[in-house]
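S.K.: Residue numbering for the sequence shown follows our numbering, starting at 2 and increasing by one per position.
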Amino acid sequence: MKNKIINRNFSLIFSFLLSFFILFFCCTEVFSIGLTPADTLVYYEPDKEVILNYAVSNTLDFEINASLFFTGELSEYFQLSTNNVVLGPKDSKPFYVKYKLPAGLKSGLYIVRLNALEEREKTTQGVGARASVIDKIMIRVPEKGKYIEASLRVDDAELNKTTKAYVDVSNFGEETIDSLFADIEFLTLDNKTISTLRTPAYYSLKTFETTTLQADFETIGLEKATYKAKAIVHYDSLSKETNFANFRIGSVEIKIIDFTRKIYQGIINKFNVTLENKWNTIVDFDLEVLIKKDNKTLQNIRFVHDSLKPFETKTTTSFFDATNSELGIYDVEVRAYYNNNAEILNGNLEIVEVPKEKLESFNYIFVVLIFLLLFVINIIWFLFLKKRAQKNSSENSVKEK
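And the structure:
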């Protein structure tokens, strides 16, 4: 009878664990194969043989076969050093791509897809799908005549400091650009012009070459705000306008957005404070919260030293012990200390009774934890009984002999 009970418990536990492992392993081994480097941009060079080096990798703990092939326009001009690779566990092997493109291709961007497909044996463990990965080889064929692409970027600036504007210019035309420069206009967000600057000129930009035109912009007298800029690039007798680029003028600043406004009497509560970094550098800060009543500080909540990434909004957590607190409204003063500055936010906090449904929730969590604890104890007890039964069986066998 005792053995039947043990066997029944074992069956239940085994079924549970088996279901868990099946679900776990069914979801693994999908991303088993990789290609490096990632997508590649190459420039058109007709009738020239070019070699690109790659590697294919296996992320699994067992051997796989990888099949390599091309798809897409112009793929007939591409060759592989090998079409099949055997990869051991956690293995990576190099191969190369060789191509020679014909003369006379039309201008534009062509894409050839390099495919790596996993050829897994049917006897392999798990039921994951056969994996594949695709890298793109992008071939840029120059435009007829003179043709450029340009983009503008402007660094954020601290108040009354100098910032830089950059105009990146690429020659994607068949002809060399003899000279080029850019006029950059700086504006408010409601399109009021602040200033216009001209960059120094650049000479002899050949096909597929890129250069960056720069200009310094003084922010003296401008307020903290977000601004924008645009550039017109003049190249030989032609011109091209860039898109707008936004930039900020400001200083290191942390803003306290909000904090916990209601907690429950008789328990230890989480106390959250949400802060925002208003600037483009990492800012370290210390935080404390004073809980007051009738101008007397009743509790000082300390937080772990923390930091905010550029322009990050974060909620940080500490704990408020309300086990002996009275119901009512309290004054709150939140202080954030950073870079020899202090940001302060005042407000109110209400301590209320724990609602019935929350108590029931606490009870439910407690019951679940007890159940899990008993489940673990049951497994340990089962393993102990099984081991002892095996030991007794072994001893009985020795005695019978």
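A virtual CB, placed ideally from N, CA and C, is assigned to each residue, including glycine.
To which residues of the same chain is isoleucine 52 closer than 8 Å at the C-beta, ignoring the five residues directly before and after it?
M.R.: Along the sequence shown, one-based indexing puts residue 52 at 51. Same-chain partners within the cutoff: Tyr97, Val98 and Lys99.
S.K.: Using alpha carbons as the reference points, say which of Leu350, Tyr338, Ser33 and Thr314 lies closest to glutamine 300.
M.R.: Here residue 300 corresponds to residue number 299 of the sequence shown, with the count starting at 1. Glutamine 300 has its Cα closest to that of Leu350, out of Leu350, Tyr338, Ser33 and Thr314.
S.K.: Exposed or buried, which one is threonine 318 when buried takes at least 16 other CB atoms within 10 Å?
M.R.: In the sequence shown, the residue the question calls residue 318 occupies position 317. Label assigned to threonine 318: exposed.
S.K.: Please report the straight-line C-alpha distance between isoleucine 195 and phenylalanine 182, rounded to a whole angstrom.
M.R.: Position 194 of the sequence shown, counting from 1, holds the residue named residue 195. Position 181 of the sequence shown, counting from 1, holds the residue named residue 182. Going by the C-alpha atoms only, they are around 20 Å apart.
S.K.: Kindly give me the distance between the Cβ atoms of isoleucine 140 and tyrosine 45, rounded to whole angstroms, as I take these residues to be in contact under 8 Å.
M.R.: The count along the sequence shown starts at 1 and reaches residue 140 at position 139. The count along the sequence shown starts at 1 and reaches residue 45 at position 44. At roughly 6 Å, the Cβ-Cβ gap stays under 8 Å, so isoleucine 140 and tyrosine 45 are in contact.
S.K.: Where do the N-terminal and C-terminal ends of the beta strand (DSSP E) with alanine 337 fall, by residue?
M.R.: On the sequence shown, position 336 is the one that residue 337 refers to. Run containing alanine 337: 329-339, per the beta strand (DSSP E) assignment.
S.K.: Of the residues Ala246, His306, Phe209 and Leu206, which one's Cα is nearest the Cα of asparagine 192?
M.R.: Counting from one through the sequence shown, the residue named residue 192 turns up at place 191. Comparing Cα-Cα distances from asparagine 192 to each of Ala246, His306, Phe209 and Leu206, the minimum goes to Ala246.
S.K.: Mind checking which residues open and close the beta strand (DSSP E) that includes arginine 199?
M.R.: Numbered from its first residue, the sequence shown carries residue 199 at position 198. Its beta strand (DSSP E) spans residues 194-199.
S.K.: Of the choices Gly348, Ile34 and Ala337, whose alpha-carbon is the least far from that of asparagine 60?
M.R.: Indexing the sequence shown from 1 puts residue 60 at position 59. Residue identity differs from the one stated: residue 60 is threonine in this sequence, not asparagine. When only C-alpha atoms are compared, the closest one is Ile34.
S.K.: Assign cysteine 28 to buried or exposed, taking buried as 16 or more other Cβ atoms, counted over all protein chains shown, within 10 Å of its Cβ.
M.R.: As a working mapping, residue 28 is identified with position 27 in the sequence shown. Confidence at cysteine 28 is low in this model, with a pLDDT of 43, below 50, so its placement is unreliable and the value that follows should be read with caution. By the neighbour-count rule (16 or more Cβ atoms within 10 Å), cysteine 28 is not buried but exposed.
S.K.: Alanine 232: which of Thr316, Asn341, Ala226 and Lys241 sits nearest, CA to CA?
M.R.: Indexing the sequence shown from 1 puts residue 232 at position 231. Comparing Cα-Cα distances from alanine 232 to each of Thr316, Asn341, Ala226 and Lys241, the minimum goes to Lys241.
S.K.: Based on the DSSP secondary-structure assignment, which residues constitute the bridge partners of asparagine 281?
M.R.: The count along the sequence shown starts at 1 and reaches residue 281 at position 280. BP columns for asparagine 281 are empty, so no partner.
S.K.: To which residues does DSSP link leucine 214 through a beta bridge?
M.R.: Locating residue 214 in the sequence shown gives position 213, where the first residue counts as 1. Its beta-bridge partners are Val168.
S.K.: Quick one: what's got a C-beta closer than 8 Å to alanine 177's C-beta in the same chain, skipping five residues either side?
M.R.: The count along the sequence shown starts at 1 and reaches residue 177 at position 176. The sequence given here places threonine at residue 177; alanine does not occur at that position. Ser205, Leu206, Lys207 and Thr208.
S.K.: Identify, in the order they occur along the chain, each residue of the same chain with its Cβ nearer than 6 Å to the Cβ of glutamate 1, setting aside the five sequence neighbours on each side.
M.R.: Within the shown structure, residues of the chain are numbered from 2 to 402, placing residue 1 beyond reach of any answer.
S.K.: Go ahead and label valine 305 buried or exposed: buried means 16 or more other beta carbons lie within 10 angstroms of its beta carbon, across all protein chains shown.
M.R.: Locating residue 305 in the sequence shown gives position 304, counting from the first residue. It is exposed - the Cβ of valine 305 has fewer than 16 other Cβ atoms within 10 Å.
S.K.: Taking the beta carbon of glutamate 119 as the centre, do at least 16 other beta carbons fall within 10 Å, making it buried, or is it exposed?
M.R.: Counting from one through the sequence shown, the residue named residue 119 turns up at place 118. Its Cβ being crowded by 16 or more others within 10 Å, glutamate 119 is buried.
S.K.: Should leucine 188 and lysine 147 be called a contact, given that it needs their Cβ atoms to be closer than 8 Å?
M.R.: Numbered from 1 along the sequence shown, position 187 holds the residue referred to as residue 188. Numbered from 1 along the sequence shown, position 146 holds the residue referred to as residue 147. Contact flag unset, no.
S.K.: Identify whether valine 290 lies in helix, strand or coil by the three-state DSSP scheme.
M.R.: Locating residue 290 in the sequence shown gives position 289, counting from the first residue. It is a strand residue.
S.K.: Can you give me the Cβ contacts of isoleucine 250 inside the same chain, cut-off strictly under 7 Å, excluding the 5 residues immediately before and after it?
M.R.: Reading the sequence shown from its first residue, position 249 is the one you call residue 250. Here the set comprises Ala158, Leu160, Thr220, Leu223, Lys225, Ala226 and Tyr228.
S.K.: Residues in the same chain with beta-carbon distance under 7 Å from valine 353, minus the five sequence neighbours each way, listed in chain order, please.
M.R.: Start at 1 with the first residue of the sequence shown, and residue 353 comes out as number 352. Excluding residues within five positions, the ones whose Cβ falls inside 7 Å are Lys263, Tyr265, Gln266 and Leu328.
S.K.: Short of 8 Å in beta carbon distance, which residues of its chain neighbour alanine 151, apart from the five on each side in sequence? Order them along the chain.
M.R.: In the sequence shown, the residue the question calls residue 151 occupies position 150. Closer than 8 Å at the Cβ level, and outside the excluded window around alanine 151, lie Val168, Asp169, Val170, Ser171, Ala183, Ala232, Val234, Lys241 and Thr243.
S.K.: With a threshold of 16 other CB atoms inside 10 Å of the CB of alanine 202, please say whether the residue is buried or exposed.
M.R.: Translated into the one-based positions of the sequence shown, residue 202 becomes position 201. Flag for alanine 202 reads exposed.
S.K.: For tyrosine 339, I'd like the list of residues in its chain whose CB is within less than 6 Å of its CB, leaving aside the five on either flank, ordered along the chain.
M.R.: To locate residue 339, count along the sequence shown from 1; it is residue 338. For tyrosine 339, where only same-chain residues beyond five positions count, the Cβ hits under 6 Å are Ile255, Val284 and Phe286.
S.K.: Distance, Cα to Cα, isoleucine 7 vs phenylalanine 383?
M.R.: Within the sequence shown, the letter at position 6 stands for residue 7. Within the sequence shown, the letter at position 382 stands for residue 383. Residue placement at isoleucine 7 is poorly supported in this model, since its pLDDT is 44, which falls under 50; the coordinates are not used for a value here.
S.K.: Looking only at its own chain, which residues have a Cβ that is under 8 Å from the Cβ of glutamine 391, when we skip the five neighbours before and after it?
M.R.: Numbered from its first residue, the sequence shown carries residue 391 at position 390. Hits under 8 Å: none found.
S.K.: Tell me whether lysine 94, by its Cβ, gets closer than 7 Å to a heavy atom of the ligand COA.
M.R.: The ligand COA is absent from the structure shown, which contains no ligand whatsoever.
S.K.: Looking at the unbroken beta strand (DSSP E) that takes in arginine 262, where does it start and where does it end?
M.R.: Taking the first residue of the sequence shown as 1, we reach residue 262 at position 261. No beta strand (DSSP E) contains arginine 262, which DSSP labels as neither H nor E.
S.K.: Spatial neighbours of valine 333 within its chain, please: CB distance less than 8 Å, with the 5 preceding and 5 following residues excluded, ordered by chain position.
M.R.: Taking the sequence shown and counting its residues from 1, one reaches residue 333 at position 332. Around valine 333: Phe260, Val290, Leu291, Ile292, Lys293, Asn347, Gly348, Asn349 and Leu350.
S.K.: Could you have a look at glutamate 77 and say whether DSSP puts it in helix, strand or coil?
M.R.: For the purposes of this step, residue 77 is taken as the residue at position 76 of the sequence shown. Helix, per DSSP.
S.K.: When the Cα of lysine 310 is compared with those of Thr163, Trp280, Phe320 and Leu288, which residue comes out closest?
M.R.: Locating residue 310 in the sequence shown gives position 309, counting from the first residue. Closest option to lysine 310, Cα to Cα, is Trp280.
S.K.: Measure the Cβ-Cβ separation of arginine 407 and threonine 72 and say whether it is below 8 Å.
M.R.: Coverage of the chain is limited to positions 2 through 402, which leaves residue 407 absent and any answer about it impossible.
S.K.: Look up alanine 36 in the DSSP assignment and say whether it is helix, strand or coil.
M.R.: As a first step, residue 36 is located in the sequence shown; it is residue number 35 there, counting from the start. It is leucine, not alanine, that sits at residue 36 in the sequence shown. Here leucine 36 sits in strand by DSSP.
S.K.: To the nearest angstrom, report how far apart glutamine 215 and leucine 110 are at their CA atoms.
M.R.: By 1-based counting over the sequence shown, the position of residue 215 is 214. By 1-based counting over the sequence shown, the position of residue 110 is 109. Looking at the two C-alpha atoms, the distance is approximately 28 Å.
S.K.: Spatial neighbours of serine 76 within its chain, please: CB distance less than 6 Å, with the 5 preceding and 5 following residues excluded, ordered by chain position.
M.R.: Along the sequence shown, one-based indexing puts residue 76 at 75. Val113, listed in sequence order.
S.K.: Could you work out which residue in Asn85, Thr275 and Ile330 is closest to asparagine 296 when comparing CA atoms only?
M.R.: To locate residue 296, count along the sequence shown from 1; it is residue 295. Of Asn85, Thr275 and Ile330, the residue nearest in Cα terms is Ile330.
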